[in-house]
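Numbering (the UniProt record's numbering), first residue to last: 1 to 483. We treat Cβ as the ideally placed atom computed from N, Cα and C, and that holds for glycine.
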């Protein structure tokens, strides 16, 4: 391990640690890390499912007597909280480390989601949802960056998509919880919806304990000139595995200056501007798709198919299952066929199937079962596309700003594509006509297809490549130092 000073005064460190991380065989250590970290997606899925499945109850007197517009407002502000949380905690994760943020963000989530079950009106309910979103948004930045930095390059694509797929296990769990808790003979609507919002607390507390044993990312330690600690982490991991006699290659790590939001913006808008545009487009498209289209599913079932509030959660289960199966079954292809081809295909297919089903819905040609089946096919591809957006953002930017980049594109992609979606669709579903929904769904399909075509043109072939190979080192010095 050697330290050098480049001509432009940015110090670099030559080390074998990244190569040693990438050559590790999959082990129980990796499995433990993934279980402790990936729960973020499960909990977000749980929150999303509860918000949709409990919509009918929240509108009733047994709930909070909210209107469709109120539900749209609270969903939009939940996303605002997630945006603010991602920006703040993402910056802190790059500055103070991934591990420290694990505790802060999870505690915020646990406190806020428990308080949601105690809310007594639109204001307190919405405030609790905002704070819950802030905890989840903060988790995204720290967790996704740590996962990519710990997973071997040859497996990074499929593992990232598999982890993102656990979001839909949370959706399934939330659907089951909302259905069971609203049964009159169990808790009934008045108490059941409150207990349902507290259901993530036991899971979060267990994970809070597990995360105490997760080390700091060695790659983050290296960029902050803490090579002794990084060596200790990788040595402890290697000590539990069979000896690997392959000679690891040297990687040049650029030590991180004390970054600011201005320097991060300079990097993203400078040498990484093409990647920045692509990541923004991918994130905004999937955010609009999910935070408007998926949000509206429960309201469509209630308004146009006459489904009772207690049975909405049951119909979410097959949709959630195909959302989970998409990344789980297609994830391997992102490491074999390649990122550019698979991301383009999944985005375009989700747009095409959404438009086809929307046209049939508009023409009154779908039964309830057929509508759910079409949605299931659409989200099989859409969930894979959305997961690939997070994968792209987490691997194509330099180590020094990885968590901040995830936060920035999650935040601005969500602001552009997701915050106003639920609010708009809440009004679209408040009228009896199907025409406004056809227009809204067509817009969602169009942006997904356009994002897929952008990926085909500007996508980065990151499959099986170490993270260090994906940066733009010759221009990064100029951007960081302001020269």
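{"Query": "Could you tell me which of 401, 54 and 16 sits nearest to residue 262, measuring between CA atoms?", "Result": "401"}
{"Query": "Please confirm whether residue 339 and residue 462 have their CB atoms less than 8 Å apart.", "Result": "yes"}
{"Query": "Where does the unbroken beta strand (DSSP E) through residue 11 begin, and where does it stop?", "Result": "11 to 15"}
{"Query": "What do you get for residue 384, buried or exposed, if any count of 16 or more other CB atoms within 10 angstroms of its CB means buried?", "Result": "buried"}
{"Query": "Determine the contact status of residue 101 and residue 204, defining contact as a CB-CB distance below 8 Å.", "Result": "no"}
{"Query": "How is the alpha helix (DSSP H) around residue 251 delimited, first residue to last?", "Result": "No alpha helix (DSSP H) holds residue 251; the beta strand (DSSP E) holding it covers 251 to 254."}
{"Query": "According to DSSP, is residue 404 part of a helix, a strand, or is it coil?", "Result": "helix"}
{"Query": "Looking at residue 79: is its Cβ nearer than 8 Å to the Cβ of residue 291?", "Result": "yes"}
{"Query": "Does the segment 107 to 125 come close enough to the segment 148 to 168 to have 3 or more Cβ pairs within less than 8 Å?", "Result": "no"}
{"Query": "Comparing the CB of residue 202 with every heavy atom of the ligand ZN, is any distance shorter than 7 Å?", "Result": "The ligand ZN is absent from the structure shown, which contains no ligand whatsoever."}
{"Query": "Which of helix, strand or coil does DSSP assign to residue 474?", "Result": "Confidence is the limiting factor: at residue 474 the pLDDT is only 49, short of 50, which leaves the residue's position unreliable, though a coordinate-based value still follows. Looking at residue 474 - three-state DSSP - the assignment turns out to be helix."}
{"Query": "Where does the unbroken alpha helix (DSSP H) through residue 236 begin, and where does it stop?", "Result": "227 to 239"}
{"Query": "Assign residue 343 to one of two classes, buried (16 or more other C-beta atoms within 10 Å of its C-beta) or exposed (fewer than that).", "Result": "buried"}
{"Query": "DSSP on residue 100, reduced to helix/strand/coil?", "Result": "helix"}
{"Query": "Closer than 7 Å by C-beta to residue 491: which residues in its own chain qualify, once you throw out the five before and the five after it? Chain order, please.", "Result": "The structure shown does not extend to residue 491, since the chain is modelled only from 1 to 483, so the question has no answer here."}
{"Query": "Kindly provide the ranges of any alpha helix (DSSP H) runs that are 4 or more residues long and lie completely inside the segment 88 to 151, ordered along the chain.", "Result": "98 to 116 and 122 to 150"}
{"Query": "Taking all protein chains shown into account, decide if residue 144 is buried (16 or more other Cβ within 10 angstroms of its Cβ) or exposed.", "Result": "buried"}
{"Query": "With H, G and I counted as helix, E and B as strand and the rest as coil, what does DSSP make of residue 329?", "Result": "helix"}
{"Query": "List the endpoints of the continuous alpha helix (DSSP H) containing residue 279.", "Result": "273 to 288"}
{"Query": "DSSP three-state label for residue 366, please.", "Result": "coil"}
{"Query": "Among the residues of its own chain, which have a CB less than 8 Å from the CB of residue 336, if the five just before and after it don't count?", "Result": "463"}
{"Query": "Would you report the Cα separation of residue 345 and residue 228, rounded to the nearest angstrom?", "Result": "44 Å"}
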